[in-house]
Amino acid sequence: MQNARPSITPNDVEKYVKHEYADSNGVKIHYVSMGEGPLVVMVHGFPDFWYTWRHQMVALALHFQVVALDLRGYNLSDKPTAGEQYSMRYLIGDVEAVIRHTGHEKAILVGHDWGGSICWQFATDLPALTERLIILNMLHHKGRTRMLAKNAQQRANSAYARQFQEEGAHKQLSAEMLTDEWLKIKDPVARAQYIEAFRRSSFEGMLHYYKQNYPRPPYQEAPDPVTKVQASVLQIHGLDDKALLADGLNNTWEWLENDWTLLTIPGAGHFVQRDAADLVTRTMLSWLHR
């Protein structure tokens, strides 16, 4: 493995990655690459960019080619203006474009938040391209719609998503607000990286994810999926997450064809890859090497 060493700190990752661009039907998708071996593709959520995986990338890159992308609308990826361009089929296509651009035939997918939702759907629709699946703090879409339909606390906690679906909601966002209030980034090096990335991003594009893909009231439980996820799944969930309550994890096994490993972490919140970085990294490596 030529690009990573154990001495690299998370904040140093930027110095060791290779920047690449994949073409997704005319939309340029930026990603960074580190290491050699089987392909791991890491997909961030809201509000974030590839750098969210800095805590995991160094250790994973000792054994894998680790690729972390910027979703469309974010940082160095293109920012389509049409809302429809952020519907799930296009987001899945972006991940597929990155996999194919690396020259690999399939990948281990790692997704958090919206990235997790994209990876759930990718694994469902494109099983031949999915080696394994790791999901961080994102419910299977069946679990999410069930919670919205039946759990009053989840509906209350999802008020932010309904606000994001309103016209002009993006005008309330700023790079500093997302970094300081949403992410609560304290480290000055990471904070500077986030503010720079968000200033390059499209706030309207970020919220199109909610407008195009998040359920709207009146909430109804989705029918059972016709196609189950074929890949083995590792799911990690910070139990202090208020946006996605852990009750939504119940019965996930009903929508999977293969094995399911679940790690819940008390004291960690929605951004579990940061809140419990070492435990998340160790768990990923142990599961991938089993």
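Read left to right, the sequence shown gives residues 1 to 290 (UniProt numbering). Every residue, glycine too, gets a C-beta built ideally from N, C-alpha and C.
When rounded, the separation of the alpha-carbon atoms in ARG155 and LEU139 is 14 Å. In this structure, the beta-carbon distance from ILE99 to GLN121 does not fall below 9 Å. Nearest in C-alpha terms to ALA161, of all of LYS211, SER202 and PRO127, is LYS211.
A distance below 9 Å separates the beta carbons of THR261 and LEU234. The C-beta separation of LEU256 from VAL226 comes to about 14 Å, leaving the pair out of contact by the 8 Å criterion.
By the Cβ test, the segment 123-139 is not in contact with the segment 21-33, since fewer than three Cβ pairs between them sit closer than 8 Å.
Sixteen is the threshold: when 16 or more other Cβ atoms of the shown chains lie within 10 Å of the Cβ of ALA97, as they do, the residue is buried. In the structure shown, HIS237 adopts extended strand secondary structure according to DSSP, grouped into three states.
LEU244 is the residue among GLY83, LEU244 and ALA61 whose C-alpha sits nearest the C-alpha of ALA152. Contact check for GLY248 against THR264 fails: the beta carbons are separated by 9 Å or more. DSSP, read as helix, strand or coil, puts VAL272 in helix. Between the segment 103-116 and the segment 33-46 there are three or more C-beta pairs closer than 8 Å, enough to call the two in contact. Within the segment 108-194, the runs of alpha helix (DSSP H) at least 4 residues long that lie entirely inside it are, in chain order, 114-125, 141-150, 152-157 and 159-164.
Contiguous alpha helix (DSSP H) elements confined to the segment 54-106 occur at 54-60 and 88-102, taking only those with 4 or more residues. ASN75 is not a Cβ neighbour of HIS270, given a cutoff of 9 Å. Cβ atoms of ILE8 and VAL58 come within 8 Å of each other, at about 5 Å. GLN163 is classed as exposed because its beta carbon has fewer than 16 other beta carbons within 10 Å across all chains shown. Comparing alpha-carbon positions, the option among ASP180, ARG290 and GLN273 lying closest to ASP259 turns out to be ARG290. Just so you know, the alpha carbons of LEU133 and GLN56 end up roughly 15 Å apart.
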